[in-house]
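*Asks:* Below is a structure I'd like to ask you about.
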Amino acid sequence: MVDQGTLDRIKVTDPHPELRAYAIGHEGESNFKMLDQGIGDRTFTWVKRAVGWLHDAIKTGTKVFNNHGAGTNEHIGRIPIGEIVGKGMKTVNDKVTTVAAFYIYPEFQALPLDVASIEADITYETDDGGQSFPTSVQNVTGIALGNGEVDSPGFPGASILGSVAAFHGNVQFNEGNKTMNLAEIKQAVQEGGHSPSKLFSKDQIIADSIVVEFVKEEKHNLYEQNQRQGTEITVLKEENVKKDNVHANEIKTLKSEGLKGRAGVVLGKILTDRKCTEQQVKFAQSHISRFTSEATDDTGLEEDLKKFADSEMKELDDTSVLLGVKKVEQDPGKPEKKPEDNGINIQNTDDTDEEDQTFNTIVIPDAENPLIPGSPAFLELDKTG
């Protein structure tokens, strides 16, 4: 009954317009006041075809007023309270009826307006018995609404049929009631395929108890999901840290082992730089297997090997003392002993004055020399600690 374009236009200024449907003409008799002929009221008999002429003459946008004007249908000086927004024909109380839908402006919706009367230009004829019949309805210039307790419409059945808050799409009105019940509203919404957003504002939808409960549950589920994901992320981070640590330790171990493989060479250089004797070098090199280091670069390796060399030289000195001999440092002024000479210089402890000091060279066989790594005497000493 009400087209979408008209509804959209109204809803620009009134998001929830109230629409009312009135019967404005039907089969049977009507009693009209003839304003331009000076003959007062005249009764007309309306047949079905004439009711159709009335329907055809109704135009969307025609103004609706509170009661008729004083002796005229002119609109000057009259305040519209609404407008026609749709029309239709249906059977009401077994009579073909022209129905018009009105949009009542918000400020006038509280008025007691339950009857309707047309203001129209019609032509008619009167038969020999004095009965008048419409021959055309040229124009419906306005509609006057009134209070049925004090006003009488031209058509006795011209009263309000129903009212609804407007939906998008076609509007159906409930006959015999001034408002639609909930079941009828639901049916109209379903039949029209209307979504909630077309019927209510965002704030109204959000405030609905079902929506509030749904949103609350969704937020809780989202919170639980975030908690689970947070825990999973924490576990993954910890696992990644462990993997990184293992990887770093593996790299560190590989570097350390690679450096330790070069320990013998670096130790030899350190001992040479210190001008150690052949016996000192052999002693330290024989223990290289017990050298440990966590160094990951050449500088660290060299520092650890220097400490290792220090400890080896100290151990050699302690061993010499244990055997009751004193190691004689190489005299830079005397020629070095040949490599094949396995003798050990032993200083006589019966020292006299400096000029009278003499040195005796005692040659000890290799097998009996505990300072030669790998010799039986060395191995025996190593067992006894």
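Sequential numbering of the sequence shown, starting at 730, is according to my numbering.
For every residue, glycine included, the Cβ atom is placed at its ideal position computed from N, Cα and C.
Scan the segment 857-883 and note each continuous beta strand (DSSP E) run of 3 residues or more that stays entirely inside, going in chain order.
*Replies:* Fully enclosed beta strand (DSSP E) runs of 3 or longer: 861-875.
*Asks:* Start and end of the beta strand (DSSP E) containing Glu812?
*Replies:* It spans Pro809 to Val821 - the beta strand (DSSP E) in which Glu812 sits, taken as one unbroken run.
*Asks:* Beta-carbon separation of Val793 and Ile805 under 8 Å?
*Replies:* no
*Asks:* Closest to Gly757 by C-alpha separation, out of Tyr853, Ile739, Val825 and Asp737, would be which residue?
*Replies:* Val825
*Asks:* Where does the unbroken alpha helix (DSSP H) through Val780 begin, and where does it stop?
*Replies:* For Val780, the enclosing alpha helix (DSSP H) begins and ends at Lys777 to Ala786.
*Asks:* What ranges does the alpha helix (DSSP H) occupy inside the segment 914-973, keeping only unbroken runs of at least 4 residues that lie completely in it?
*Replies:* As for any alpha helix (DSSP H) of minimum length 4 sitting wholly inside the segment 914-973, the runs are 925-928 and 931-936, ordered along the chain.
*Asks:* Quick check: the Cα distance between Ser1015 and Asp1002, rounded to an integer number of angstroms?
*Replies:* 18 Å
*Asks:* Whose C-alpha, out of Asn955, Ala912 and Ser865, is nearest the C-alpha of Ala849?
*Replies:* Ser865
*Asks:* What first and last residue would you give for the alpha helix (DSSP H) that runs through Arg749?
*Replies:* For Arg749, there is no enclosing alpha helix (DSSP H); the residue is part of the beta strand (DSSP E) that begins and ends at Glu747 to His755.
*Asks:* List the endpoints of the continuous beta strand (DSSP E) containing Thr827.
*Replies:* First-last of the beta strand (DSSP E) with Thr827: Lys824 to Ile833.
*Asks:* Where does Glu803 fall in DSSP's three states?
*Replies:* Glu803 sits in coil when the DSSP states are folded into three classes, being neither helix nor strand.
*Asks:* Would the beta-carbon of Asp823 fall within 8 Å of that of Asn876?
*Replies:* No; because the gap between Cβ atoms is not below 8 Å, this pair is not in contact.
*Asks:* Only counting the same chain, and skipping five residues up and downstream in sequence, which positions put a Cβ closer than 7 Å to that of Gly790?
*Replies:* Glu812 and Ile813
*Asks:* What residues match up with Thr772 in a beta bridge as DSSP calls it?
*Replies:* Answer by DSSP bridge pairing, in chain order: Asn760.
*Asks:* In whole angstroms, what is the alpha-carbon distance linking Gln788 and Val869?
*Replies:* Residue identity check: residue 788 is Lys in the sequence provided, not Gln. Between Lys788 and Val869, the C-alpha separation is close to 8 Å.
*Asks:* Use the C-beta contact count for Asp1033: other C-beta atoms within 10 angstroms, 16 or more gives buried, fewer gives exposed.
*Replies:* buried
*Asks:* From Pro863 to Ser930, what does the alpha carbon distance come to, in whole angstroms?
*Replies:* 47 Å
*Asks:* For Tyr952, is the classification buried or exposed, using 16 other Cβ atoms within 10 angstroms of its Cβ as the cut-off for buried?
*Replies:* The residue is exposed, with fewer than 16 neighbouring Cβ atoms inside 10 Å.
*Asks:* Quick check: the Cα distance between Gly898 and Glu836, rounded to an integer number of angstroms?
*Replies:* Summary for Gly898: the model assigns pLDDT 40, below 50, so the residue's position carries little reliability, and this model does not support an answer.
*Asks:* If you count every other CB in all the chains shown that lies within 10 Å of the CB of Ile934, and 16 or more means buried, which is it?
*Replies:* exposed
*Asks:* Near Pro841, what residues of its chain come up, given a Cβ to Cβ distance below 6 Å and the 5 sequence neighbours on each side ignored?
*Replies:* Asn876
*Asks:* Note down, in chain order, each residue of its chain lying with its Cβ closer than 8 Å to the Cβ of Glu1083, except the 5 sequence neighbours on either side.
*Replies:* With a pLDDT of only 47 at Glu1083, under 50, the local geometry of the prediction cannot be trusted, and no value is derived from it.
*Asks:* Please go through the same chain and pick out, in chain order, the residues whose beta-carbon is closer than 7 Å to the beta-carbon of Ile851, but skip the five residues on each side of it.
*Replies:* Pro863, Ser865, Val866 and Gln867
*Asks:* Would you list the one or two residues that DSSP bridges to Ile847?
*Replies:* For Ile847, which the question treats as bridged, DSSP gives the partners Ile872.
*Asks:* By the three-class DSSP mapping on this structure, what secondary structure does Val741 have?
*Replies:* Coil.
*Asks:* Could you name the residues that DSSP lists as bridge partners for Val793?
*Replies:* Gly811 and Ile872
*Asks:* Using the rule of at least 16 other Cβ atoms within 10 Å of the residue's Cβ for burial, across every protein chain shown, is Lys927 buried or exposed?
*Replies:* exposed
*Asks:* With a Cβ-Cβ cutoff of 8 Å, do Ala845 and Val731 count as a contact?
*Replies:* Contact: no.
*Asks:* Contact defined as beta carbons within less than 8 Å: I believe Phe1012 pairs with Glu1041. What is the distance between those atoms, to the nearest angstrom?
*Replies:* 6 Å
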